[in-house]
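Residue numbers (the working numbering): 10 to 326. For glycine and all other residues, C-beta sits at the position ideal for the given N, C-alpha and C. First comes the structure, then the notes that go with it.
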């Protein structure tokens, strides 16, 4: 039986693509000789993680009518994601070459199908009643996806749902920096939950992030409901204006950093969907990121939410 709009709480819209991750640790792609094929794309990673955590989640994305598209479609279907908004096209499936890294990965993107998200993939009957709609700077960087995703986000916000964005900006993906700044400001103005890494901040605004509290305040002034700044191995900072929290990172054995930011935000949003406090949302994000940092490739098919809420479960009784 097909799912109805009332059976999903979350829709992530944007890139579903193939990550070709280096078989060895490398600082640059020049140092890589072998790659391993992995399912990827930030919205797809986040949607998959939320499904692993038991959240009713759909994915709006476009892949090719090719072998890589079939690989991706089969993978996300296996996670239990709602597939109504997934489309196949005659464009080639997008892929990214990525270095396996214990710090910040290097990448090179080959974009084809991912940007061809159309209006029919974001129908009002799916959007109406969503608790959460999520996207990324990567997804918003190209038309026609940009316009359709923005209209969908505005519709969800008008209906009383929450919107979210991972501002994973990179000039290689979105060369017009000023355009990107304007679109991020517009999205914040919808009352968004906003995630920036300190690296993303420097790329988008052209200067290093020195004070995360100042960055968060700026995003809140743009209209964001809450801002989260991830600080690599230093931790993260979250604020909603009424309260702010810094969470230090904890020692972990890093296997790969690819997807760690998506894991963090999926943990944060899972806790938000379960009505936890801002600080506890950040704790859940940290725990989920730790799981991903220690794991090479996609996470296990199922993760109990209680396992990422362990750091605060006792304090909530």
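Asked, Found
"Measure how close the beta-carbons of residue 297 and residue 256 come, nearest whole angstrom, since I'm counting them as under 8 Å.", "Not confirmed; about 13 Å, so no contact."
"Measure the beta-carbon distance from residue 122 to residue 100 and round it to whole angstroms, keeping in mind my assumption that it falls under 8 Å.", "4 Å"
"Which residue comes first and which comes last in the beta strand (DSSP E) that contains residue 171?", "171-175"
"Would you call the segment 39-53 and the segment 14-29 touching, i.e. three or more CB-CB distances under 8 Å?", "yes"
"Helix, strand or coil for residue 47 per DSSP?", "strand"
"Pairs of beta-carbons, one from the segment 274-283 and one from the segment 218-226, closer than 8 Å: are there three or more?", "no"
"Could you check the C-alpha separation between residue 282 and residue 116 for me, to the nearest Å?", "32 Å"
"Can you give me the C-alpha to C-alpha distance between residue 33 and residue 142, rounded to a whole angstrom?", "35 Å"
"Starting from the C-beta of residue 316, find all residues in its chain whose C-beta is less than 6 Å away, skip the five residues before and the five after it, and write them out in chain order.", "none"
"Taking the C-alpha atoms as reference points, what is the distance between residue 35 and residue 241?", "18 Å"
"Less than 7 Å separating the beta-carbons of residue 72 and residue 62?", "no"
"Are the beta-carbon atoms belonging to residue 67 and residue 17 less than 7 Å from one another?", "yes"
"Between the Cα of residue 321 and the Cα atoms of 305, 312, 288, which residue gives the shortest distance?", "288"
"If you compare alpha carbons, which of 79, 77, 86 is closest to residue 65?", "86"
"Looking at the structure shown, is residue 254 part of a helix, part of a strand, or coil, going by DSSP?", "strand"
"Residue 32 lies in the beta strand (DSSP E); which residues open and close that run?", "26-34"
"Pull the bridge partners of residue 323 from the DSSP assignment, please.", "Answer by DSSP bridge pairing: none, since residue 323 is not bridged."
"Using the three-state DSSP reduction, which class does residue 117 fall into: helix, strand or coil?", "strand"
"Looking at the unbroken alpha helix (DSSP H) that takes in residue 180, where does it start and where does it end?", "Premise fails: residue 180 is in no alpha helix (DSSP H) and is neither H nor E."
"On the three-state DSSP scale, how would you describe residue 10?", "Caution is warranted here: a pLDDT of 30 is assigned to residue 10, below 50, making its placement in the model unreliable, and no coordinate value can be reported."
"Once the 5 residues before and after residue 155 are set aside, which same chain residues still bring their CB inside 6 Å of it?", "149"
"Leaving out five residues on either side along the sequence, give the residues of the same chain with a beta carbon under 8 Å from the beta carbon of residue 304.", "264, 265"
"If I'm right that residue 118 touches residue 182 with Cβ under 8 Å, what's the distance once you round it to whole angstroms?", "6 Å"
"Note down, in chain order, each residue of its chain lying with its Cβ closer than 6 Å to the Cβ of residue 164, except the 5 sequence neighbours on either side.", "136"
"With a Cβ-Cβ cutoff of 7 Å, do residue 233 and residue 201 count as a contact?", "yes"
"For a minimum of 3 consecutive residues, which ranges assigned as the beta strand (DSSP E) are wholly contained in the segment 127-155?", "141-145"
"Please classify residue 66: does DSSP put it in a helix, a strand, or coil?", "strand"
"How would you call residue 133, buried or exposed, if buried means at least 16 neighbouring beta carbons within 10 angstroms?", "exposed"
"Rounding to the nearest angstrom, what Cα-Cα distance links residue 176 and residue 145 in this structure?", "6 Å"
"Answer yes or no: do residue 140 and residue 169 have a C-beta to C-beta separation smaller than 7 Å?", "no"
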